[in-house]
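>
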Amino acid sequence: AQVITWCPTCHMNLDDFMGATQGKQAESAHLAQALWQRREALAPMLTQAVVGRVLIDMHIGNRTGVNEAVPGLLRLIPGVTVLEHPYRAPSYMCFGLASIPGALADAKANMLAAMAATGADTLVSIFHSCHRELVGLERTHCIRVVNWVHLLAEGMGLAYQDEYKAWRNSDDPEAAIGAERIAAAGEEAVRKLVLPELTRPR
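Convert by adding 1 to the 1-based position in the sequence shown; the result is the number in the numbering used here.
(1) Measuring alpha carbon to alpha carbon, tell me which of K109, I127, P91 and A117 ends up nearest G137.
(2) Which class does I178 belong to by DSSP, given the choice of helix, strand or coil?
(3) Does V125 pass the burial test, meaning 16 or more other C-beta atoms within 10 Å, or should it be called exposed?
(4) Specify the secondary structure class of S130 as computed by DSSP and reduced to three states.
(5) Can you grab the Cα-Cα spacing for the pair R133 / R203, in whole Å?
(6) Grouping DSSP H, G and I as helix and E and B as strand, with all else coil, what is R201?
(7) Leaving out five residues before and five after R54 in sequence, what residues of the same chain have Cβ atoms less than 8 Å from its Cβ?
(8) Give the DSSP bridge partners of R54, in chain order.
(9) Short of 8 Å in beta carbon distance, which residues of its chain neighbour L47, apart from the five on each side in sequence? Order them along the chain.
(10) Which residues share a DSSP beta bridge with E28?
(11) How far does the beta strand (DSSP E) with N148 in it reach, from first residue to last?
(12) Report yes or no: do the segment 165-178 and the segment 92-100 share at least 3 C-beta pairs separated by less than 8 Å?
(13) Grab the span of the alpha helix (DSSP H) containing Y165 for me, first residue to last.
(14) Could you spell out where the alpha helix (DSSP H) holding M116 opens and where it closes?
(15) In this structure, how does DSSP classify A186 when only helix, strand and coil are distinguished?
(16) Mind checking who Q123 pairs with in its DSSP beta bridge?
(17) Which residue marks the beginning of the alpha helix (DSSP H) containing L43, and which one marks its end?
(18) When burial is assigned at 16 or more other CB atoms within 10 Å of the CB, is K166 buried or exposed?
(19) Looking at N111 and Y88, is the spacing between their C-beta atoms short of 7 Å?
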């Protein structure tokens, strides 16, 4: 049996903690690794051209194999140019920098500098937590920010909506979310938990 992970923290918990203390009950692989292992089946599905010069947000502390798998997957998409740069952000994902004053801002600045140096027009996130941190740059720096699965979807001709990005970059997040959704989630919960996240500094 194989457990497929999406969250980097969950992957670390399975391998580094549970595996070390309880023994491995099953092999685990990040989704990107699993797709890369099946790339011969995936490649024929990527028929739509997606024009973009992309730089991938990579982290030096990540050991899931995604830094190798994601570039390979994106190179299967017609029209995508995957650019290389030696910069790797600290920690295993962006959220790991959040508690260190200035670290996340420095990582973003270094990534933007790497984009400028390579001529990239698209910043690709690997993890969902990194995506939340990076999408605000789309509004402030006139670049495109997408997750790697978004590009695979585009290459397959599959429609999707990145609602978090739309909310985060909206002039009026409440209007972007919509009254019906806010009512369903609870106005107080949205006001206390969601809006501060969407309106925090980019």
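Built from N, CA and C at the ideal position, the CB exists for glycine as well.
All values reported here derive from a predicted model rather than from experimental measurement.
Taking the coordinates as given:
(1) Walking along the sequence shown from the start, residue 137 turns up at place 136. Closest option to G137, judged by alpha-carbon separation, among K109, I127, P91 and A117: K109.
(2) Locating residue 178 in the sequence shown gives position 177, where the first residue counts as 1. Helix, per DSSP.
(3) By one-based count along the sequence shown, residue 125 stands at place 124. Burial call: buried.
(4) As a working mapping, residue 130 is identified with position 129 in the sequence shown. Here S130 sits in helix by DSSP.
(5) The residue given as residue 133 occupies position 132 in the sequence shown. The residue given as residue 203 occupies position 202 in the sequence shown. So the two alpha carbons sit approximately 10 Å from each other.
(6) Numbered from 1 along the sequence shown, position 200 holds the residue referred to as residue 201. In the three-state reduction of the DSSP assignment, R201 falls in the coil class.
(7) On the sequence shown, residue 54 is found 53 positions in, with the first residue counted as 1. Excluding positions up to five away in sequence, the list reads T82, L84, T119, G120, A121, D122 and T123.
(8) If you number the sequence shown from 1, residue 54 lands on position 53. R54 pairs with T82.
(9) Here residue 47 corresponds to residue number 46 of the sequence shown, with the count starting at 1. L77, I78, P79, L153, G156 and M157.
(10) As a first step, residue 28 is located in the sequence shown; it is residue number 27 there, counting from the start. E28 is bridged to Q3.
(11) In the sequence shown, residue 148 corresponds to position 147, counting from 1. The continuous beta strand (DSSP E) containing N148 extends over residues R145 to N148.
(12) The segment 165-178 vs the segment 92-100: no contact.
(13) Taking the sequence shown and counting its residues from 1, one reaches residue 165 at position 164. Annotation for Y165: the continuous alpha helix (DSSP H) segment containing it runs E164 to R169.
(14) Locating residue 116 in the sequence shown gives position 115, counting from the first residue. Unbroken alpha helix (DSSP H) run through M116: A104 to T119.
(15) In the sequence shown, the residue the question calls residue 186 occupies position 185. In the structure shown, A186 sits in a helix (DSSP, three-state: H, G or I).
(16) In the sequence shown, the residue the question calls residue 123 occupies position 122. Rather than Gln, the amino acid found at residue 123 in this sequence is Thr. For T123, which the question treats as bridged, DSSP gives the partners V55 and R145.
(17) As a first step, residue 43 is located in the sequence shown; it is residue number 42 there, counting from the start. For L43, the enclosing alpha helix (DSSP H) starts and ends at R40 to L43.
(18) Position 165 of the sequence shown holds residue 166. Sixteen is the threshold: when 16 or more other Cβ atoms of the shown chains lie within 10 Å of the Cβ of K166, as they do, the residue is buried.
(19) Along the sequence shown, one-based indexing puts residue 88 at 87. Along the sequence shown, one-based indexing puts residue 111 at 110. The answer is yes: Cβ separation under 7 Å.
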